[in-house]
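Let me begin by presenting the structure, written as structure tokens, before commenting on it.
Residue numbers (my numbering), protein chains in the order written: chain L, 1 to 186; chain S, 1 to 182.
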């Protein structure tokens, strides 16, 4: 069934439509939450709470796009709240050295080596760690757009900010990540 | 297109959302500018690697359990809402706090004026205080021993109209239990 039909039926109170929407979005929500909180228990809490809240807010949903952005907004806000509650220390990646000239060359050299799978894994882990060190809003923007593949419009709606802010956050975050990566690869 | 625009539109280029004309213009600049070409490659590499990272799979059976838990939570909320319709809260409660005593007062007034005392009189002392419970005003009136039921009702209206609803219930209860005796 089309997403639009499902959302319309869900707004009217159809429980089966809601169950189907949960099945369609649960992995995405869990994935976002896991990337933000980096553990299963918190990701589970965010996922469950997101769907309970979306059910409570079903009368506020206007259309399919709004439904998607509302899910993202609820999930990310709840995850941010959890992060703040835990009072995790964020080590800013701003204090890295000057941007090194060619991260790309270093990355290419790593992926061409005989142990490329292992090195790729290490590279991925370094990037992941770098994402975890970004300031919260940049981190959320990168996770939603670059990692999970949501559009800038969807991310902007989810975060309640203009698209230009999303674009700006992405540029800053990626520049920091490249610096971080270059420093670690050196 | 200049270097600044390349940096600004790099996402649109990489996501393929450019029109053919713009794409050609973008790639034309990349061919002629080493820095921008390098920048575009870095961005592409970084984004590809970020998307490659999969989240660890949760424990077996997790998704089914999650769906069950969400269903149970939603059902519990629905039941809670149904309950809330019978247990007023917030502004609804405030409305009920005014309307119920008011209605009770009106009913008491009606009963009071339409009451006809049975022959031989009905004495308040005929009612056992235990039947009345903790309602002190009613208890006090009943213990006076000389007060008739209409007088008790009038007294209730005057002394504690806010509690008149409760008084009415108690009065009905007493009437139901003791009426045959009078």
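Heads up, the beta-carbon is just placed ideally off N, CA and C, and yes, glycines get one too.
This structure is a prediction, so every number in the text was calculated from the model and none was measured.
Using C-beta distances below 7 angstroms, list every residue in its chain close to residue 29 of chain S, excluding the 5 sequence neighbours before and after it, in chain order. 1, 6, 36
From the beta carbon of residue 129 of chain L, is the nearest beta carbon of chain S less than 7 angstroms away? It does not; no Cβ of chain S falls within 7 angstroms.
Going by beta carbon distance, what residues of the same chain come within less than 6 angstroms of residue 20 of chain L, once the five residues before and after it are set aside? 6
Would a check of beta-carbon distances place residue 4 of chain L closer than 7 angstroms to chain S? no
DSSP three-state label for residue 85 of chain L, please. Helix, per DSSP.
What distance in whole Å lies between the Cβ atoms of residue 178 of chain L and residue 167 of chain L, which are believed to be in contact at a cut-off of 8 angstroms? 17 angstroms between Cβ atoms; not a contact.
Go through its chain and collect everything with a Cβ distance to residue 38 of chain L's Cβ below 7 angstroms, but skip five positions before and after it. 132
How would you call residue 160 of chain L, buried or exposed, if buried means at least 16 neighbouring beta carbons within 10 angstroms? exposed
Please name the residue, chosen from L:162, L:40, L:32, that lies closest to residue 59 of chain S on a Cα-to-Cα basis. L:40
Is it buried or exposed for residue 23 of chain L, if we count other Cβ within 10 angstroms and need 16 for buried? exposed
With a threshold of 7 angstroms between beta carbons, is residue 96 of chain L in contact with chain S? At residue 96 of chain L the pLDDT is 42, less than 50, meaning the model places this residue with poor confidence; the figure from the coordinates comes in the next sentence. So, not an interface residue.
Nearest CA to the CA of residue 10 of chain S: which residue from L:182, L:171, L:13? Out of L:182, L:171, L:13, L:171 has the C-alpha closest to the C-alpha of residue 10 of chain S.
When the Cα atoms are used, what is the spatial distance from residue 51 of chain S to residue 128 of chain L? 10 angstroms
Between S:67, S:73, S:48, which has its C-alpha nearest residue 148 of chain L's C-alpha? S:48
Would residue 145 of chain L be called buried (16 or more neighbouring beta carbons within 10 Å of its own) or exposed? Result: buried.
Since residue 145 of chain L is in the alpha helix (DSSP H), which residue starts that stretch and which ends it? Element bounds for residue 145 of chain L: n/a, residue is neither H nor E.
Chain L beta carbons: is any one of them nearer than 7 angstroms to that of residue 105 of chain S? Residue 105 of chain S does not count as touching chain L.
Cα separation between residue 63 of chain S and residue 26 of chain L? 8 angstroms
Can you find the residues in the same chain that come closer than 7 angstroms, C-beta to C-beta, to residue 50 of chain L, ignoring five residues on each side of it along the sequence? Closer than 7 angstroms at Cβ, skipping near neighbours: 29, 71, 74, 75, 78.
Give me the subset of the region 4-38 of chain S whose CB atoms are less than 8 angstroms from a CB atom of chain L, sorted by chain position. Residues 7, 8, 11, 38.
Does DSSP put residue 17 of chain S in a helix, in a strand, or in coil? coil
Enumerate in chain order the residues of its own chain whose CB-to-CB distance from residue 105 of chain L is below 7 angstroms, with the five nearest sequence positions on each side excluded. Because residue 105 of chain L sits at a pLDDT of 47, beneath the cut-off of 50, its placement in the model cannot be relied upon, and the following sentence gives the value as read from the coordinates. Result list for residue 105 of chain L: empty, nothing under 7 angstroms.
Measuring alpha carbon to alpha carbon, tell me which residue in L:4, L:18, L:181 is nearest residue 75 of chain S. L:18
Residues of chain L with a CB under 9 angstroms from the CB of residue 58 of chain S: which are they? 30, 34, 40, 43, 44
For chain L, is any of its Cβ atoms less than 7 angstroms away from the one on residue 42 of chain S? yes
CA nearest to the CA of residue 139 of chain L, picked from L:3, L:34, L:10, L:11: L:34
With a Cβ-Cβ cutoff of 7 angstroms, do residue 64 of chain L and residue 3 of chain L count as a contact? In this structure, residue 3 of chain L lies closer than 7 angstroms to residue 64 of chain L by Cβ.
Hey, does residue 128 of chain S have any beta-carbon neighbour from chain L nearer than 7 angstroms? Confidence at residue 128 of chain S is low in this model, with a pLDDT of 42, below 50, so the placement of that residue is unreliable and no value is reported for it.
What does residue 70 of chain S touch in chain L if you count any residue whose Cβ is under 7 angstroms from its own? Per Cβ cutoff of 7 angstroms: 22, 48, 51, 52.
In the structure shown, what three-state DSSP assignment does residue 159 of chain L receive? helix
Three-state secondary structure (DSSP) at residue 24 of chain S? helix
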